[in-house]
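J.: Supplied in structure tokens, the structure appears directly below.
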Amino acid sequence: MSAASRYHEVHARSLQDPEGFWAEAARAIDWIEPAKKIFDPAMGAYGRWFAGAVVNTCYNALDRHVAAGRGEQLALIHDSPLTNSVTRLTYAEMLKEVQTLAAIMQDFGVVKGDRVILYMPMVPEAMVAMLACARIGAVHSVVFGGFAAKELATRIDDATPKLVLSASCGIEPGRIVQYKPLLDQAIELADNRPQACIILQRPEHVCELKPGRDYDWAALRKSALVNGKLAPCVPVLATDPLYILYTSGTTGKPKGVVRDNGGHLVALKWSMEYLYGIKPGEVWWCGSDIGWVVGHSYIIYGPLIHGATSVMYEGKPVGTPDAGAFWRVIAEHKAVALFTAPTAFRAIRKEDPEGTLLRQYDLSQFRTLFLAGERADPPTVEWAEQQLKVPVVDHWWQTETGWCIAGNPVGLGLLPVKHGSPTVPMPGYQVDIVDEASKPVPANTMGSIVIKLPMPPGCLPTLWQQEDRFKESYLSEFPGYYKTSDAGFKDEDGYVFVMGRTDDIINVAGHRLSTGGMEEILASHPDVAECAVLGIKDAIKGEVPCGFLVLKAGVSRSPSVIEKEIVALVRDKLGPVAAFKLAITVGRLPKTRSGKILRGTIKKIADGEQWSMPATIEDPKVLDEIGEALKSRV
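Structure representation (structure tokens):
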């Protein structure tokens, strides 16, 4: 830990002189034309960064590193235990692949501003496709591979893509997920059909192509290479969109978060150096998926803009083949840092609570573990610290922001860790806790977490073709602020504590209680691997908390005994005001593929309300198991 972190002076300067701060950060980017205004408050809903600047994101991720003589450095290590393969691409090789695919897309008539949907598994071609879109100024929208046809259709209709890039299948432990039937069905359901689909045929499953619409990826690539077709970079405005990413779990018309080129480049470059403490040339691993914002920012763009080597992993934290999978990847590829979701570590801890598998690998070069995606409960953080003997950095951000809101900046010198807090706001973010009247509340008082406008570079400027909805969803409730829809508090040192979504604050007989705080207590029990607490309807108190527990592997004690201990533990820590009387042991919790627990859906089942199957759910059968458990207890 640094004796003297530079954080406080850097953050203060970013708020006192935001234009000066971000103009300086922007020098790390290669611009075709510099900004006419670093920030233009007259543009967009709350202003735009780097107005008038001209740039190309792909050039900054690939070409400039090759031009600087670093073409032989690895850009990508693709590790797939599911196909038992490792693929490595240098910056020069990646550039050639991207130039080739970009030229193919141009042959299909794709020009600057056109949209291209990617419906891809975790393969190198997915990275190539995203960068190829950025190269020619096309706007990509990645839809999680294997997403339901109906949900894919709504995104096709909203983005109106000229082209879809997909694959024959995705691979999960023990099964093949055929993508082509889902894509065909989605196109049938959509009103705005793409002109063509380029399909990557994977050897594990070869699909049929529809003549006149579907084209074989490998055949197009081979032809383009023979003909020497290579697309140059197309200049775009810094304020032009780079991508659209639809937020998960939307109903009706989806919310397409827009990311622009200039602010995104500047923010991600800054974060790789100063938040994550990574040097160009080092191996960095983000264990997410390209379907999520974390994958966009820190598998694809962030590491490559910074000149690092990015690991892309097609596998799971457990089961491919065991709970030592993450340690193998770190050791084999000499990764200095890992960024993953807390749920991955809860899964590893559940299967290997003593960390036996960890000790089979050499992790001597590993420096830092970063956790984000959901609240990192203190027991999981403490377990990771004990096992890894390196700093474990919880940090908090959203699809909408594209990078960290609050974290612990390794590159500026670590601040003291407080378990349960993602630490402090990053430069450019003034994070306030306010009441319903938008008035800041005292330290250690629960309220709505908001960000003072303008948002820093990299954050969403709008929603795709829905400016009014953007203002209504994010800017109208708390004037002058962006609404995060998260609830929490700041302590006397300015540390942020994110206790859950604002709808995760339950009202028990007039007392506002955080389900996140209760989950912290449940997770502290030595037999609990993971848990979820939510408020369910109660005729007398309005709502009462209900806890769901998943026990660690190898626990032989009776679940009913453990449940009684949990109830007593909450009573002891929070008092009778919590009215916590119901703990239910289940085999597993329903989650999205990014690892977020589907608390809202569980609540609807518990309350006997109508519910629909979430599009992002990893295994639908888990909800039936939850329903059965609730029937016998509620």
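Mapped onto the UniProt record's numbering, the consecutive letters of the sequence shown carry residue numbers 1 to 634. Yeah, the Cβ is synthetic: ideal placement off N, Cα and C, and Gly gets one too.
On the criterion of 16 or more Cβ atoms from any shown chain inside 10 Å, does Arg155 qualify as buried, or is it exposed?
T.: Stepping through the sequence shown from its first residue, residue 155 is reached at position 155. With 16 or more Cβ atoms within 10 Å of its Cβ, Arg155 is classed as buried.
J.: Kindly identify the DSSP beta-bridge partner or partners of Trp327.
T.: Reading the sequence shown from its first residue, position 327 is the one you call residue 327. In the DSSP output, where bridge partners are listed per residue, Trp327 has none listed.
J.: Go through its chain and collect everything with a Cβ distance to residue 723's Cβ below 7 angstroms, but skip five positions before and after it.
T.: Because the chain here runs from 1 to 634, residue 723 falls outside it and cannot be looked at.
J.: Spatial neighbours of Ala267 within its chain, please: C-beta separation below 6 angstroms, excluding the five flanking residues on both sides.
T.: Position 267 of the sequence shown, counted from the first residue, corresponds to residue 267. Trp403, Pro457 and Gly458, listed in sequence order.
J.: Which whole-angstrom value is the C-beta distance of Asp352 and Ala323, which I expect to be below 8 angstroms?
T.: The residue given as residue 352 occupies position 352 in the sequence shown. The residue given as residue 323 occupies position 323 in the sequence shown. Going by Cβ atoms, the distance from Asp352 to Ala323 rounds to 4 angstroms, so yes, they are a contact pair.
J.: Grouping DSSP H, G and I as helix and E and B as strand, with all else coil, what is Gly302?
T.: What you label residue 302 is simply residue 302 of the sequence shown in a count that begins at 1. Helix.
J.: Would Val110 and Leu62 qualify as a contact pair, given that the criterion is a beta-carbon distance under 8 angstroms?
T.: Looking up residue 110 in the sequence shown gives position 110. Looking up residue 62 in the sequence shown gives position 62. No, they are not a contact pair.
J.: Is the distance from the Cβ of Val311 to the Cβ of Val329 below 8 angstroms?
T.: In the sequence shown, residue 311 corresponds to position 311, counting from 1. In the sequence shown, residue 329 corresponds to position 329, counting from 1. Contact flag set, yes.
J.: So, under 8 angstroms CB-CB, Ile562 and Gly535 are touching, yes? Tell me the CB distance rounded to an integer number of Å.
T.: Locating residue 562 in the sequence shown gives position 562, counting from the first residue. Locating residue 535 in the sequence shown gives position 535, counting from the first residue. Contact flag wrong, Cβ pair sits at about 22 angstroms.
J.: Please determine if the segment 275 to 285 and the segment 169 to 182 are in contact, where contact requires at least 3 C-beta pairs separated by less than 8 angstroms.
T.: The segment 275 to 285, when compared against the segment 169 to 182, does not touch it at the 8 angstroms Cβ threshold.
J.: Give every residue of the same chain whose Cβ lies closer than 7 angstroms to the Cβ of Asp538, excluding the five residues on either side of it in the sequence, and list them in chain order.
T.: What you label residue 538 is simply residue 538 of the sequence shown in a count that begins at 1. Hits under 7 angstroms: Val544.
J.: State whether the segment 70 to 77 contacts the segment 253 to 268, with contact taken as three or more CB pairs (one from each stretch) at a distance under 8 angstroms.
T.: no
J.: Which residues in the same chain have their Cβ closer than 6 angstroms to the Cβ of Pro41, if we skip the five residues on either side of it in sequence?
T.: Walking along the sequence shown from the start, residue 41 turns up at place 41. These residues qualify, in order along the chain: Gly47.
J.: Does the segment 292 to 310 touch the segment 343 to 358, meaning 3 or more C-beta pairs lie closer than 8 angstroms?
T.: no
J.: I think Gly137 touches Val234, with their Cβ atoms under 8 angstroms apart; what is that distance to the nearest whole Å?
T.: Indexing the sequence shown from 1 puts residue 137 at position 137. Indexing the sequence shown from 1 puts residue 234 at position 234. With 8 angstroms as the limit, Gly137 and Val234 qualify as a contact, their Cβ atoms being about 4 angstroms apart.
J.: For the candidate residues Asp624, Lys490, Glu467 and Glu314, whose alpha-carbon lies nearest to that of Ala45?
T.: For the purposes of this step, residue 45 is identified with residue 45 of the sequence shown, where counting begins at 1. Comparing Cα-Cα distances from Ala45 to each of Asp624, Lys490, Glu467 and Glu314, the minimum goes to Glu467.
J.: Which partner residues does Glu48 have in the DSSP bridge list?
T.: Your numbering for residue 48 matches position 48 in the sequence shown. According to the sequence displayed, residue 48 carries Arg and not Glu. Arg48 pairs with Asp40.
J.: Please classify Thr423 as buried or exposed, where buried requires at least 16 neighbouring CB atoms within 10 angstroms.
T.: Residue numbering aside, residue 423 sits at position 423 when the sequence shown is read from its first letter. It is buried - the Cβ of Thr423 has at least 16 other Cβ atoms within 10 Å.
J.: Taking contact to mean 3 or more Cβ pairs, one atom from each stretch, closer than 8 angstroms, check whether the segment 330 to 343 and the segment 361 to 381 are in contact.
T.: yes
J.: Whole alpha helix (DSSP H) runs in the segment 140 to 182 with 4 or more residues, listed along the chain?
T.: List check, alpha helix (DSSP H) in window: 149 to 159.
J.: Per DSSP, what are the beta-bridge partners of Cys531 in this structure?
T.: Numbered from its first residue, the sequence shown carries residue 531 at position 531. Beta-bridge pairing links Cys531 to Leu549.
J.: Taking all protein chains shown into account, decide if Met94 is buried (16 or more other Cβ within 10 angstroms of its Cβ) or exposed.
T.: The residue given as residue 94 occupies position 94 in the sequence shown. Buried, since its Cβ has 16 or more Cβ neighbours within 10 Å.
J.: Take the Cβ of Ser632 as the centre, count every other Cβ of all protein chains shown within 10 Å, and call the residue buried at 16 or more, exposed below.
T.: For this step, residue 632 is matched to residue 632 along the sequence shown. It counts as exposed.
J.: For Leu95, which three-state DSSP category applies?
T.: Position 95 of the sequence shown holds residue 95. Looking at Leu95 - three-state DSSP - the assignment turns out to be helix.
J.: Are the beta-carbon atoms belonging to Ser80 and Gly315 less than 8 angstroms from one another?
T.: By 1-based counting over the sequence shown, the position of residue 80 is 80. By 1-based counting over the sequence shown, the position of residue 315 is 315. Yes, the pair counts as a contact, with Cβ atoms nearer than the cut-off.
J.: When DSSP builds the beta bridges, which residues end up paired with Ala583?
T.: Position 583 of the sequence shown, counted from the first residue, corresponds to residue 583. Paired residues: Gly547.
J.: By the 10 Å Cβ neighbour count, where 16 or more other Cβ atoms means buried, how is Asp619 classified, buried or exposed?
T.: Taking the sequence shown and counting its residues from 1, the one referred to as residue 619 is at position 619. Looking at its Cβ environment, which holds fewer than 16 other Cβ atoms inside 10 Å, Asp619 is exposed.
J.: Exposed or buried, Gly608, counting other C-beta atoms within 10 Å across all chains shown (16 or more means buried)?
T.: In the sequence shown, residue 608 corresponds to position 608, counting from 1. The residue in question, Gly608, is exposed, as its Cβ has fewer than 16 Cβ neighbours within 10 Å.
J.: Just to confirm the assignment, what range does the beta strand (DSSP E) spanning Asp216 have?
T.: In the sequence shown, the residue the question calls residue 216 occupies position 216. Its beta strand (DSSP E) spans residues Asp214 to Asp216.
J.: Leaving aside the five residues before and after Ile198 along the sequence, list all residues of the same chain whose C-beta is less than 6 angstroms from its C-beta, in chain order.
T.: Numbered from its first residue, the sequence shown carries residue 198 at position 198. Excluding residues within five positions, the ones whose Cβ falls inside 6 angstroms are Leu165, Tyr215 and Trp217.
J.: Using a threshold of 8 angstroms, state whether the C-beta atoms of Ala583 and Ile566 are closer than that.
T.: In the sequence shown, the residue the question calls residue 583 occupies position 583. In the sequence shown, the residue the question calls residue 566 occupies position 566. The answer is yes: Cβ separation under 8 angstroms.
J.: Where Glu477 and Lys483 are concerned, what is the direct C-alpha to C-alpha distance, given to the nearest angstrom?
T.: The residue you call residue 477 lines up with position 477 of the sequence shown. The residue you call residue 483 lines up with position 483 of the sequence shown. Taking the straight line joining both Cα atoms gives about 7 angstroms.
J.: Could you round the C-beta distance between residue 635 and Glu520 to whole angstroms and report it? I think they count as a contact, below 8 angstroms.
T.: Only positions 1 to 634 of the chain appear in the structure, and residue 635 is not among them; the question remains open.
J.: Over the uninterrupted alpha helix (DSSP H) stretch that includes Arg135, give me the two end residues.
T.: Reading the sequence shown from its first residue, position 135 is the one you call residue 135. From DSSP, the alpha helix (DSSP H) with Arg135 extends over Pro124 to Ile136.
J.: Output the distance between the C-alpha atoms of Asp491 and Pro425, rounded to the nearest integer angstrom.
T.: By one-based count along the sequence shown, residue 491 stands at place 491. By one-based count along the sequence shown, residue 425 stands at place 425. Cα to Cα, Asp491 sits roughly 13 angstroms from Pro425.
J.: Considering only residues of the segment 48 to 87, which uninterrupted beta strand (DSSP E) runs meet the minimum length of 3 residues and lie entirely inside it, listed in chain order?
T.: 48 to 51 and 74 to 80
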